[in-house]
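Have a look at the structure below before the remarks.
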Amino acid sequence: MEPAANVLDLNQLRRSCSSCALYELCLPAGIGVDDLDRLDATVKDKRALDRGDMLYREGDPFEALYVVRSGALKTFVQNEAGDVQILGFHLPGEILGFDALATNLHVSQAEALERSSICELPYAKLQQVTSEVPALHRQLMRVISREVVEEHRHLVMMGRQQAQEQLASFLRSLADRYQRLHRDGSALNLPMSRYDIANYLGLVVETVSRLFSRMEEMGVLQVNRKSVRILRPELLAALCRSDAAPRRKDAG
1 MEPAANVLDL NQLRRSCSSC ALYELCLPAG IGVDDLDRLD ATVKDKRALD RGDMLYREGD
61 PFEALYVVRS GALKTFVQNE AGDVQILGFH LPGEILGFDA LATNLHVSQA EALERSSICE
121 LPYAKLQQVT SEVPALHRQL MRVISREVVE EHRHLVMMGR QQAQEQLASF LRSLADRYQR
181 LHRDGSALNL PMSRYDIANY LGLVVETVSR LFSRMEEMGV LQVNRKSVRI LRPELLAALC
241 RSDAAPRRKD AG
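Following the UniProt record's numbering, the numbering of the sequence shown begins with 1 at its first residue and continues without gaps.
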């Protein structure tokens, strides 16, 4: 017998994809109740990560894909000398683990930037469900495609000469992702450090700090440590174009 509609089952709320706040982001529109039940049966218990905890490491066997339910993570690679290159930052509703699809081994690492909650989707079970639910399979392909597009954008960003343009594009991309989460895209809470941002953009941390200060002076942003408010989104958009970015000798 199903519980009454007005009774809040906290355990079900924690476990059910249909009750999750990320429902619209992770799942295709119009997925039926029976299909949701199949997906719910696939999801393992939610995993909690503290800041600095590793979700997976390079060389770990591929067992699951992971959906960020709350918090944020970064993915990165590290060479034998210990040098790190950050590949991306992952917000609620975004999926990690695609790096292991080709070889069945993770070729990058994922670390929590703050206390986070993760939905674990064992891949073998997920394959079975997606084979039975074509809409879910199409959604998964769209998510993978979106990851590829983001990687291309990052490569283009890394190749740009104007550091100010790189940072402006990064902040605008975060704002767009916030809006997709139905959050205020003008009020960003950056879970990553200035060093992480600099590493991701291929800059030095002093340049990133200077650029934040410059954008504050221009009236584009209001910055308070990790809280960034976008005051003039139209000017931020203009700074994302190299022909509109101010040309200064210290821009790099």
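Think of the CB as a built atom: it goes at the ideal place given N, C-alpha and C, for glycine as much as any other residue.
Go to residue i, then tell me how far its beta strand (DSSP E) extends in each direction, as first and last residue.
i	result
Leu87	84-90
Leu188	187-189
residue 253	Residue 253 lies beyond the stretch modelled for the chain, which goes from 1 to 252, so this question has no answer here.
Leu55	54-56
Any beta-carbon of chain B closer than 8 angstroms to the one on residue i?
i	result
Ser117	This model lacks chain B altogether; it includes just one protein chain.
Under a three-way DSSP split, which group does residue i fall into?
i	result
Met215	helix
Ser108	coil
Ala124	helix
Arg77	At residue 77 the sequence reads Val, which differs from the Arg that was named. Reduced to three states, the DSSP call for Val77 is strand.
Leu221	strand
Leu13	Low local confidence applies: a pLDDT of 35 at Leu13 is under 50, so the model's placement there is unreliable, and no value is given.
Thr163	In the sequence as presented, Thr is not what sits at residue 163; that position holds Ala. Helix at Ala163.
Leu235	helix
Val228	strand
Ala102	coil
Val156	helix
Ala72	coil
Arg47	strand
Val129	helix
Leu65	strand
Leu181	coil
Glu206	helix
Val7	Reliability fails at Val7, whose pLDDT of 38 lies under 50, so the model's placement of it is uncertain and no value is given.
Start and end of the alpha helix (DSSP H) containing residue i?
i	result
Arg194	194-201
Do you know whose CA, among the options, lies nearest residue i's CA?
i	options	result
Arg69	Val133, Arg115, Gly159	Arg115
Ala198	Leu188, Gly93, Leu211, Tyr178	Leu211
Leu96	Pro122, Val84, Asn79	Pro122
Val107	Arg183, Gln85, Ile118	Gln85
Leu105	Tyr66, Glu151, Phe62, Val143	Phe62
Phe76	Val67, Gln128, Leu201	Leu201
Asn101	Ala124, Ala163, His90	As written in the sequence, residue 101 is Leu, which differs from the Asn given in the question. Closest option to Leu101, Cα to Cα, is Ala124.
Leu113	Leu174, Val228, Asp60, Asp50	Asp50
Leu73	Ser173, Phe89, Glu217	Phe89
His154	Asp83, Leu87, Ala175	Leu87
Glu94	Ser117, Gln78, Thr103	Ser117
Gly52	Ala175, Leu140, Gly71	Gly71
Ala64	Lys46, Glu80, Ala81	Lys46
Gln164	Ala110, Leu235, Tyr66, Asp83	Leu235
Please indicate yes or no: does the CB of residue i lie closer than 7 angstroms to some heavy atom of the ligand ADP?
i	result
Leu167	By its list of ligands, the structure shown contains no ligand whatsoever, and the ligand ADP lies outside what it can speak to.
- prompt: Three or more C-beta pairs closer than 8 angstroms, one from the region 173-190 and one from the region 55-63: is that the case here?
  reply: The region 173-190 makes no contact with the region 55-63; the number of CB pairs closer than 8 angstroms stays below 3.
Would you call the region 144-152 in contact with the region 223-237, where contact means no fewer than 3 C-beta pairs closer than 8 angstroms? No, because fewer than three Cβ pairs between the region 144-152 and the region 223-237 fall closer than 8 angstroms, the two stretches do not touch.
Do three or more CB pairs link the region 154-170 to the region 229-244 at distances below 8 angstroms? yes
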